[in-house]
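Asks: Protein chains in written order, with the UniProt record's numbering: chain B, 1 to 263; chain V, 1 to 336.
Note that the Cβ used here is the ideal one computed from N, Cα and C, for glycine as well.
Here it is, the structure, as structure tokens.
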């Protein structure tokens, strides 16, 4: 077998291991889904009236606000799900089974590739679940074409890839799984200071640049544009740049950590 | 001892060059962690098909040596070849020939024993049916069939260790590293493990094991190296090592100070312990020497309350080579 096909085969084996873990212990992934779903319920049903009025929605009709926050919460779901990847990478790195993998004649990166691909698949699954809750609450896209749906999925997958690589790096850098979970926590908090819940323009002036230029806001605005037909502007390119940049950064960071001599 | 006759692999694949006669050879291996020097230039030569034990106290550098030879970490200096491949320049060649069971359980606790085995089969690129066959066979051989469908995290210490070794054997490695394979096991599991290791050897594989138990090295190994403070303090067969230390002696204990005194006068060359009323004579433990001592005591009409014969064992070697001198029950006088 060529080295490429060996790399694919080993990575595939590691991916199946990763998915088997997720399948055997679904509580880990499902727990991470609680935050975005709680946020969705809280902001729509409890704060909904005020929020709706705040974004200039017409009166007590919450449907406009549901439409506003669902794209943000879908990407928050990504930020939340990848915490699981950080924890499981760290668990692997700190356990004896890692020494076994390292002393076998397998493709060196297969373990990380398995975690990343598995992480992205779990993100997509989670986004579909949260999306389904959103639809049940009344979210509808406005005239999105098939191409726009495809682009939306592509954006979510790319965003998931970027954050998963970062989370894998965090997992590899952490001394224990608890620390990995804590280190990855900002990934679920960043959406709170993005345009997920309220438009960035309504934030205090000094804070606007922070909200505007962090990775979540351009991705959320792009997703909003694709699903709801709002103006995307240059958000699309900025989102793409963030995704590629974070992926490359996370990849190089993870590989450097992974290739260090273990203690 | 198989020092000149080398067994070659029956597999025939990934074989070393004809000049490589050792399963493992190392020259001047050095490794330090920061300021701490862990391996200070060790040389090893392990013939294929033999069992080699690296014996040493905690912190002697045993695990570090295994990690370097199994390509887990890189050495700071020196050279090592395993299965004819250089560990630094051709680690994948080494990895294809070895199996490693580390000190800490290298099983995936979240999946079942069977899934662990099938994972190994996949990573060794066995076909599905071949993988299933090998997994079932090894689970049976290591008495794990009944637990095959349970998560490995629920296994007992002994079961985990057996699964660990079973996983190591999936790729049919010709050289197996076992880092403290019986540490933390109860006596029954330890004896089981010894049986397993003997079974591996009869298959013709080379076994490199580390242990802090002298008995274990004595039981299993063809050759033993004593590692202390990052250096090989002595190397040889168990018998050769025991010969290094003339630790054999006969000990006579008295309750009556008068007979103690007269015995001390009668027998020359004794080491006295006036407080415990014991005398110690160097001895090779032979029947003739024992008889001559008894005869001398008899003719002087002296009767000792207790007589014990102490023959040198690996403990003596171990303590003499590795220890600070203040070891209980090992009077300095025995080492003359």
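Smallest Cα separation from residue 199(B): which of 166(B), 22(B) and 51(B)?
Replies: Translated into positions along the first chain, residue 199(B) becomes position 199. Looking at the Cα atoms, 51(B) is the closest of the given residues.
Asks: Consult DSSP for residue 242(V) and reduce its assignment to one of helix, strand or coil.
Replies: On the second chain, position 242 is the one that residue 242(V) refers to. Note: residue 242(V) maps to helix in three-state DSSP.
Asks: Return no unless some Cβ of chain B is closer than 8 Å to the Cβ of residue 197(V).
Replies: On the second chain, position 197 is the one that residue 197(V) refers to. No, because no Cβ of chain B sits closer than 8 Å to the Cβ of residue 197(V).
Asks: When DSSP labels each residue in this structure, what does residue 359(V) get in the three-state scheme?
Replies: Residue coverage of chain V in this structure runs from 1 to 336, which leaves residue 359(V) outside it and unanswerable.
Asks: Could you tell me if the beta carbon of residue 93(B) falls within a distance shorter than 7 Å of some heavy atom in the ligand NAP?
Replies: Absence of the ligand NAP is noted for the structure shown, with no ligands found whatsoever.
Asks: When you compare each of 76(V), 79(V) and 71(V) to residue 92(V) by their alpha carbons, which one comes out closest?
Replies: The residue you call residue 92(V) lines up with position 92 of the second chain. Nearest option by C-alpha distance: 71(V).
Asks: May I have the straight-line CA-CA distance separating residue 260(B) from residue 69(B), to the nearest angstrom?
Replies: Counting from one through the first chain, the residue named residue 260(B) turns up at place 260. Counting from one through the first chain, the residue named residue 69(B) turns up at place 69. One C-alpha to the other measures close to 42 Å.
Asks: I want to know whether the stretch 132-151 of chain V touches the stretch 72-80 of chain V - three or more CB-CB distances under 8 Å.
Replies: Counting Cβ pairs under 8 Å, fewer than three are found: no touch.
Asks: Find the residues of chain B that neighbour residue 107(V), judging by a C-beta separation of less than 7 Å, and give them in chain order.
Replies: Locating residue 107(V) in the second chain gives position 107, where the first residue counts as 1. Under the 7 Å cutoff, chain B gives 97.
Asks: Name the one or two DSSP bridge partners that residue 52(V) has.
Replies: As a first step, residue 52(V) is located in the second chain; it is residue number 52 there, counting from the start. 208(V) and 223(V).
Asks: Do residue 166(B) and residue 124(B) come within 8 Å of each other at the CB atom, strictly closer than that value?
Replies: Taking the first residue of the first chain as position 1, residue 124(B) is located at position 124. Taking the first residue of the first chain as position 1, residue 166(B) is located at position 166. For residue 124(B) and residue 166(B), no; Cβs fall outside 8 Å.
Asks: Where does residue 203(V) sit, in a helix, a strand or coil, going by DSSP?
Replies: If you number the second chain from 1, residue 203(V) lands on position 203. Coil, per DSSP.
Asks: Which same chain residues, not among the five before or five after residue 32(V), have their C-beta less than 7 Å away from its C-beta?
Replies: Locating residue 32(V) in the second chain gives position 32, where the first residue counts as 1. Once the five neighbours on either side are set aside, the close Cβ partners of residue 32(V) are 38 and 76.
Asks: Counting only beta-carbon separations shorter than 8 Å, does residue 183(B) have a partner in chain V?
Replies: Numbered from 1 along the first chain, position 183 holds the residue referred to as residue 183(B). For residue 183(B), the answer is no, since every Cβ of chain V falls outside 8 Å of its Cβ.
Asks: Examine chain B for any beta-carbon lying closer than 8 Å to the beta-carbon of residue 210(V), and answer yes or no.
Replies: If you number the second chain from 1, residue 210(V) lands on position 210. It does not: the Cβ of residue 210(V) has no partner Cβ on chain B nearer than 8 Å.
Asks: Could you work out which residue in 112(V), 123(V), 257(V) and 90(V) is closest to residue 100(B) when comparing CA atoms only?
Replies: Indexing the first chain from 1 puts residue 100(B) at position 100. Cα-wise, what sits closest to residue 100(B) is 123(V).
Asks: Is DSSP giving residue 68(B) helix, strand or coil here?
Replies: Your numbering for residue 68(B) matches position 68 in the first chain. Residue 68(B) falls in the helix class under three-state DSSP.
Asks: How is residue 131(B) classed by DSSP in three states: helix, strand or coil?
Replies: Position 131 of the first chain, counted from the start, is the residue given in the question as residue 131(B). It is helical.
Asks: Are the C-beta of residue 71(V) and some C-beta of chain B separated by less than 8 Å?
Replies: If you number the second chain from 1, residue 71(V) lands on position 71. Output row for residue 71(V): interface = yes.
Asks: When Cβ atoms are compared, which residues of the stretch 68-99 of chain V fall closer than 9 Å to chain B?
Replies: Correct list: 70, 71, 72, 73, 74, 91, 92, 93, 94, 95, 96, 97, 98 and 99.
Asks: Of the residues that make up the stretch 28-62 of chain V, which ones have a beta carbon closer than 7 Å to any beta carbon in chain B?
Replies: Against chain B - using a Cβ distance shorter than 7 Å - the stretch 28-62 of chain V contributes no residues.
Asks: Which same chain residues, not among the five before or five after residue 236(B), have their C-beta less than 8 Å away from its C-beta?
Replies: In the first chain, counting from the first residue as 1, residue 236(B) sits at position 236. Correct list, in chain order: 218, 222 and 225.
Asks: Take residue 152(B) and list the residues in its own chain whose beta-carbon comes closer than 8 Å to its own, dropping the five residues that flank it on each side.
Replies: As a working note, residue 152(B) is residue 152 in the first chain. For residue 152(B), where only same-chain residues beyond five positions count, the Cβ hits under 8 Å are 144, 223, 226 and 227.
Asks: Is any beta-carbon of chain B found at less than 8 Å from that of residue 122(V)?
Replies: Translated into positions along the second chain, residue 122(V) becomes position 122. Yes, residue 122(V) lies at the interface with chain B (some Cβ there is under 8 Å from its Cβ).
Asks: Since residue 308(V) and residue 251(V) are thought to touch, with beta carbons under 8 Å apart, how far apart are those beta carbons, to the nearest angstrom?
Replies: In the second chain, counting from the first residue as 1, residue 308(V) sits at position 308. In the second chain, counting from the first residue as 1, residue 251(V) sits at position 251. With a Cβ gap of about 5 Å, residue 308(V) and residue 251(V) count as contacting.
Asks: By Cβ distance below 8 Å, which residues in the same chain neighbour residue 197(V) in space, the five residues on each side in sequence not counted?
Replies: In the second chain, residue 197(V) corresponds to position 197, counting from 1. Same-chain partners within the cutoff: 51, 178, 181, 207, 209 and 220.
Asks: State the beta-bridge partners of residue 33(V) as determined by DSSP.
Replies: Translated into the one-based positions of the second chain, residue 33(V) becomes position 33. According to DSSP, residue 33(V) bridges with 36(V).
Asks: Output the distance between the C-alpha atoms of residue 105(V) and residue 63(V), rounded to the nearest integer angstrom.
Replies: Within the second chain, numbered from 1, the residue matching residue 105(V) stands at position 105. Within the second chain, numbered from 1, the residue matching residue 63(V) stands at position 63. Roughly 14 Å separates the two Cα atoms.
Asks: Below 8 Å between beta carbons: does that hold for residue 83(V) and residue 175(V)?
Replies: For this step, residue 83(V) is matched to residue 83 along the second chain. For this step, residue 175(V) is matched to residue 175 along the second chain. Closer than 8 Å, so yes.
Asks: Can you tell me whether residue 78(V) is helix, strand or coil according to DSSP?
Replies: Taking the first residue of the second chain as position 1, residue 78(V) is located at position 78. Of the three classes helix, strand and coil, the one that applies to residue 78(V) here is strand, per DSSP.
Asks: Less than 8 Å between the beta carbons of residue 242(B) and residue 215(B), yes or no?
Replies: Indexing the first chain from 1 puts residue 242(B) at position 242. Indexing the first chain from 1 puts residue 215(B) at position 215. Result yes, Cβ atoms of residue 242(B) and residue 215(B) sit closer than 8 Å.
Asks: In three-state DSSP terms, what is residue 113(B)?
Replies: Position 113 of the first chain, counting from 1, holds the residue named residue 113(B). Looking at residue 113(B) - three-state DSSP - the assignment turns out to be helix.
Asks: On the three-pair Cβ rule with 8 Å, is the stretch 114-123 of chain B touching the stretch 189-203 of chain B?
Replies: Cβ pair count under 8 Å is below three, so no.
Asks: Quick check on this structure: which residue in 161(V), 144(V), 156(V) and 239(V) has the alpha carbon closest to the alpha carbon of residue 214(V)?
Replies: For the purposes of this step, residue 214(V) is taken as the residue at position 214 of the second chain. Nearest option by C-alpha distance: 239(V).
Asks: Please report the distance separating the alpha-carbon of residue 234(B) from that of residue 13(B).
Replies: One-based indexing of the first chain puts residue 234(B) at position 234. One-based indexing of the first chain puts residue 13(B) at position 13. Approximately 40 Å, taken between the alpha carbons.
Asks: My output table needs one value for residue 15(V): the three-state DSSP class, helix, strand or coil.
Replies: Here residue 15(V) corresponds to residue number 15 of the second chain, with the count starting at 1. Reliability fails at residue 15(V), whose pLDDT of 43 lies under 50, so the model's placement of it is uncertain and the value that follows must be treated cautiously. Of the three classes helix, strand and coil, the one that applies to residue 15(V) here is coil, per DSSP.
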